[in-house]
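Chains as they are written, first to last, in our numbering: chain A, 1452 to 1790; chain B, 1452 to 1790; chain C, 1452 to 1790.
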Amino acid sequence: MLLRDLQLKFGGECVGEVSRSLTGVGSIERAVESEITFLANPKYRGALAGTLAGAVIVGVHERDATDKPRLVASNPYAYFAKVAQLFSPPAKYQPGIHPLAMVSPTARVAASASIAEFVSIGAGAIIGDNVRVGAGSIIGDNVSIGSGTQLIARVTVYADCRIGSRNLIHAGVVIGADGFGFAPDFTNGDGQWQKIPQTGAVVIGDDVEIGANTTIDRGAMDDTVIGNDVKLDNQIQVGHNCAIGDHTVISGCVGIAGSTKIGKRVMIGGKAGIIGHLTIGDDVIISAMTLVTKSILKPGTYTSGTPLMPHREWLKNAAHLRKLDLMATKIRLGTNKTD
Amino acid sequence: MLLRDLQLKFGGECVGEVSRSLTGVGSIERAVESEITFLANPKYRGALAGTLAGAVIVGVHERDATDKPRLVASNPYAYFAKVAQLFSPPAKYQPGIHPLAMVSPTARVAASASIAEFVSIGAGAIIGDNVRVGAGSIIGDNVSIGSGTQLIARVTVYADCRIGSRNLIHAGVVIGADGFGFAPDFTNGDGQWQKIPQTGAVVIGDDVEIGANTTIDRGAMDDTVIGNDVKLDNQIQVGHNCAIGDHTVISGCVGIAGSTKIGKRVMIGGKAGIIGHLTIGDDVIISAMTLVTKSILKPGTYTSGTPLMPHREWLKNAAHLRKLDLMATKIRLGTNKTD
Amino acid sequence: MLLRDLQLKFGGECVGEVSRSLTGVGSIERAVESEITFLANPKYRGALAGTLAGAVIVGVHERDATDKPRLVASNPYAYFAKVAQLFSPPAKYQPGIHPLAMVSPTARVAASASIAEFVSIGAGAIIGDNVRVGAGSIIGDNVSIGSGTQLIARVTVYADCRIGSRNLIHAGVVIGADGFGFAPDFTNGDGQWQKIPQTGAVVIGDDVEIGANTTIDRGAMDDTVIGNDVKLDNQIQVGHNCAIGDHTVISGCVGIAGSTKIGKRVMIGGKAGIIGHLTIGDDVIISAMTLVTKSILKPGTYTSGTPLMPHREWLKNAAHLRKLDLMATKIRLGTNKTD
Chain A
1452 MLLRDLQLKF GGECVGEVSR SLTGVGSIER AVESEITFLA NPKYRGALAG TLAGAVIVGV
1512 HERDATDKPR LVASNPYAYF AKVAQLFSPP AKYQPGIHPL AMVSPTARVA ASASIAEFVS
1572 IGAGAIIGDN VRVGAGSIIG DNVSIGSGTQ LIARVTVYAD CRIGSRNLIH AGVVIGADGF
1632 GFAPDFTNGD GQWQKIPQTG AVVIGDDVEI GANTTIDRGA MDDTVIGNDV KLDNQIQVGH
1692 NCAIGDHTVI SGCVGIAGST KIGKRVMIGG KAGIIGHLTI GDDVIISAMT LVTKSILKPG
1752 TYTSGTPLMP HREWLKNAAH LRKLDLMATK IRLGTNKTD
Chain B
1452 MLLRDLQLKF GGECVGEVSR SLTGVGSIER AVESEITFLA NPKYRGALAG TLAGAVIVGV
1512 HERDATDKPR LVASNPYAYF AKVAQLFSPP AKYQPGIHPL AMVSPTARVA ASASIAEFVS
1572 IGAGAIIGDN VRVGAGSIIG DNVSIGSGTQ LIARVTVYAD CRIGSRNLIH AGVVIGADGF
1632 GFAPDFTNGD GQWQKIPQTG AVVIGDDVEI GANTTIDRGA MDDTVIGNDV KLDNQIQVGH
1692 NCAIGDHTVI SGCVGIAGST KIGKRVMIGG KAGIIGHLTI GDDVIISAMT LVTKSILKPG
1752 TYTSGTPLMP HREWLKNAAH LRKLDLMATK IRLGTNKTD
Chain C
1452 MLLRDLQLKF GGECVGEVSR SLTGVGSIER AVESEITFLA NPKYRGALAG TLAGAVIVGV
1512 HERDATDKPR LVASNPYAYF AKVAQLFSPP AKYQPGIHPL AMVSPTARVA ASASIAEFVS
1572 IGAGAIIGDN VRVGAGSIIG DNVSIGSGTQ LIARVTVYAD CRIGSRNLIH AGVVIGADGF
1632 GFAPDFTNGD GQWQKIPQTG AVVIGDDVEI GANTTIDRGA MDDTVIGNDV KLDNQIQVGH
1692 NCAIGDHTVI SGCVGIAGST KIGKRVMIGG KAGIIGHLTI GDDVIISAMT LVTKSILKPG
1752 TYTSGTPLMP HREWLKNAAH LRKLDLMATK IRLGTNKTD
């Protein structure tokens, strides 16, 4: 692959030795001469001088920040992503159904789909073109999976869920388990919880990625809905009847309780939590480990929590959190007499 | 199913067209004419006027809030749950052992049990009547599973654990992995952690539901114990030697460290954490994302954490958390001279 | 096993009936006469009087705290661990490849390795001596697993990852799933996320334990690295390009975002979070549910969060957290006039 080939494919301006030959991509610190790297954050401009990369993708303002052969792009990070995708195409799988897969006779599996060993596919399921169902995955009755979607391994999809095209679903993901719904049925201290049957499904759009061991519950009566181009990291929990809008990105270990609706292009930091029945508007950003306890309708960044301290300092300061109300009263009265 | 049939089965008062024919349940906003809905929260009384449902389950105080055919119940939500269960009975599975399951010759599997493909059942295991072991589940040696329990798919139960009757255990659950116990064995900066063998088991009662990808560790020497009618949501972690009392309900992503004892009818909000070796009494309620660092013996609701703010406000306010002790001193002295 | 045999094997002083016969270990409260227990925490010295154990492992200062036959050790807890390991040796597995395992013809599996049913092993994988790959595990192409390592069941290892010797990896673990990396590629509200191919791997040292359903992502271009004798509890998430130093111990439900480097002998409490691109130095201790938002270079204990309160008190106090800045201003001005 020559530098010029990349330009022909992805556009931008090509500066310097256009016939520079490239075999892959690398980070600015570790790329070797046959690799192309990128500069997206001006903070790393200093590192550019020392890179061994044979070529660089730079932004318009960094056009002349190096003498190396380079591609100048308006969005160098996205440009780099496309180049990296070119050098690392998704794995190709042999079409066909492995003899150690169990496919229901009433399932419809495209001839181009690849069904690995130890996979179970239920009655009435529809598996689209070029789908990969990796080893150990369990696909329930009447599930549909759109073309080009990959389930890497050990993915479970419960009955009736519908998954769009070009998804990438990692190992250990569970889609469509029962939402958490029980009615208390106690009288005079006797009785038990009554389960609300969870009869909705999960509906997932196109171009979604779902990280390892993430769980998305089926709706109670209506469906849980994941939009297009949503990116979910590992170990996220999405409760029943949630809706997540297009292009929203959620980091690892986030928990979203039932019936919360999340808009488009929302970004949620790792380990954040959102309680149930809220509305989070488009373009909201939620900081890591923040607990969202009310709806957020206005774009912007939202945070809860306290800053990190050495434990000894934390002990001294945190003790006063139990007395903030008293402290406020003292200030209001201009006195310490309430002590 | 006629309205009158429901009354005969579940009690309550039947008002209006008792022969109204019903085919299912629906939410108050989306139910259609052949469905029955419910009103449990007076807040939704307004929505009742617009529902298309053919019948409604209402509480005693809402007896006359609608002209629709209706069932009047003292606990309309629990009543609805039972009606919904009637319309959505649990899936029935073909009894027998799938030819692609591996069952130890010394395991005892009831004739009415259903063992799916790619299931492994260890030596000496006992699988009760009408149990379903879903595809990809791994059952260790000497495990026992009580009658009517369902393991949906890809559940792992380590050796020696005992699971009661009528449980519902979702995909990806791991029961009986080693608790986290190591003794430091370092001298002069050399050495390593010594593993404490985890020789207890997990013992689970009846009517328990366990959500997807939840993990319950085996005890170090004694057992980890889950009571009857306990409901665990997805991605919960229960440490070794914990005990959880009957009817306790725990929301998603909660972590409970080792040896903590939790009472009956406790309710724990999502993403809460409880450190080890504590006692949480009966009827305690813990808010979402709260960290419990000491035992709670008195019923009531307990909370930690800070309110959500726009990030700019949070920055201004949170800075003072590092100086609360100084602030308190200033107030005590009635001066700002310590500044 | 006689008390004297333990002393010969593990050292220490043997006091009392050296030929006391022992069949196992037990907790101080529940041990029976044929078992040996231990006293590591002087707090439990009182309980020693009531124990039924036939022998005790005690520290040097507790040498004479009991009349029972005893072993006196400088580190009684580590001594106990070794004794317990002796009585509970790891399970032995039949060497060989189960007929219902799928092993690539180009994989190299040691003759002493044990490959269970429903296991898939990819092309070019190398499985060392005495390795156990438990049922339902999926091992990708070119993975290597060092001697004596055990994958209990349903473990997924993606292609190219390298796992050291004597590891213990629990059910549901996912090693090597894609890190979470996407470049925004939006113009005028149109476009989508571009995936950054994750071409690094995960490299794990020796003597590592990984708890159930923990996930460790592969690096973006370089590798994610786990050192020797690292102990990870259940449901931990380790992001791409992280490095974790030798002997570090991480409790359950911790999340570590990408590119963070953690030193040696670090201890991280349950449910803590660490944001990306930080450095945590050797011997740092992080409290439970603490969010680390900046690098920590100095050993010590670090904490964020607020103390637990009854919810009513919390409501009164927490309201002032939104006004801390105003409160500080009032104190500075010695006035309440800003109100």
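Heads up, the beta-carbon is just placed ideally off N, CA and C, and yes, glycines get one too.
Here the structure is a predicted model, which means the values were calculated and not measured.
Please confirm if residue i has its CB atom under 7 Å from at least one CB of chain A.
i	result
L1759 (chain C)	no
P1550 (chain C)	no
D1790 (chain B)	Below a pLDDT of 50, predicted positions are generally treated as unreliable, and D1790 (chain B), at 43, falls in that range; the measurement from the model is reported next regardless. No, no contact with chain A.
D1680 (chain B)	yes
W1644 (chain C)	yes
R1514 (chain B)	no
V1743 (chain C)	yes
If distances are taken between C-alpha atoms only, which option among the options comes closest to residue i?
i	options	result
G1575 (chain A)	A:Y1609, A:S1563, A:V1523	A:Y1609
A1562 (chain C)	C:S1571, C:I1548, C:K1767	C:I1548
Q1536 (chain C)	C:V1735, C:I1614, C:T1474	C:T1474
T1607 (chain B)	B:R1617, B:G1585, B:S1598	B:G1585
L1619 (chain A)	A:R1716, A:V1659, A:G1467	A:V1659
Y1495 (chain A)	A:G1662, A:I1590, A:E1480	A:E1480
S1472 (chain B)	B:G1627, B:R1605, B:R1559, B:L1454	B:L1454
K1745 (chain C)	C:I1590, C:I1707, C:I1614	C:I1707
T1665 (chain A)	A:T1650, A:H1621, A:P1648	A:H1621
L1457 (chain B)	B:L1490, B:V1507, B:G1501, B:T1502	B:V1507
G1703 (chain A)	A:L1683, A:H1512, A:M1452, A:S1571	A:L1683
L1522 (chain B)	B:C1465, B:F1637, B:G1709	B:C1465
R1583 (chain C)	C:Y1544, C:V1681, C:A1482, C:T1757	C:Y1544
S1470 (chain C)	C:T1502, C:L1459, C:E1513, C:G1497	C:L1459
G1662 (chain B)	B:G1651, B:N1526, B:Q1601, B:D1734	B:Q1601
F1631 (chain B)	B:R1514, B:S1710, B:N1581, B:I1725	B:S1710
F1637 (chain B)	C:G1751, C:S1525, C:V1509, C:N1639	C:S1525
D1673 (chain A)	A:D1680, A:A1652, A:N1685, A:S1565	A:A1652
N1685 (chain A)	C:M1452, C:R1773, C:H1691	C:H1691
Give a yes or no on whether the minimum CB-CB distance between residue i and chain C is below 7 Å.
i	result
T1780 (chain B)	no
F1569 (chain A)	yes
N1768 (chain B)	yes
V1692 (chain A)	The sequence given here has Asn at residue 1692 (chain A), not Val. By this cut-off, N1692 (chain A) is not an interface position.
Q1458 (chain A)	no
Q1688 (chain B)	yes
Is residue j closer than 7 Å to residue i when the C-beta atoms are compared?
i	j	result
G1696 (chain B)	I1719 (chain B)	no
A1504 (chain C)	T1488 (chain C)	yes
I1647 (chain A)	A1628 (chain A)	no
I1626 (chain B)	C1612 (chain B)	yes
I1577 (chain C)	R1559 (chain C)	yes
G1623 (chain A)	G1656 (chain A)	no
G1724 (chain A)	L1742 (chain A)	yes
F1461 (chain A)	K1519 (chain A)	no
Give the C-beta separation of residue i and residue j to the nearest angstrom, bearing in mind that I take them to be a contact with Cβ-Cβ under 8 Å.
i	j	result
S1616 (chain B)	G1599 (chain B)	5 Å
K1722 (chain B)	A1739 (chain B)	6 Å
T1730 (chain B)	L1759 (chain B)	At roughly 31 Å, the Cβ-Cβ gap does not stay under 8 Å, so T1730 (chain B) and L1759 (chain B) are not in contact.
A1408 (chain B)	P1635 (chain A)	Nothing can be reported for residue 1408 (chain B): it is not among the residues displayed for chain B, which extend from 1452 to 1790.
V1689 (chain B)	T1699 (chain B)	Not really, about 11 Å apart at Cβ, beyond 8 Å.
P1527 (chain B)	L1490 (chain B)	6 Å
Against chain B, does residue i count as a neighbour if the rule is that its beta carbon must be under 7 Å from one of theirs?
i	result
M1718 (chain A)	no
G1721 (chain C)	yes
N1664 (chain A)	yes
G1703 (chain C)	yes
Y1609 (chain C)	no
Does the region 1776 to 1785 of chain C touch the region 1765 to 1776 of chain B, meaning 3 or more C-beta pairs lie closer than 8 Å? yes
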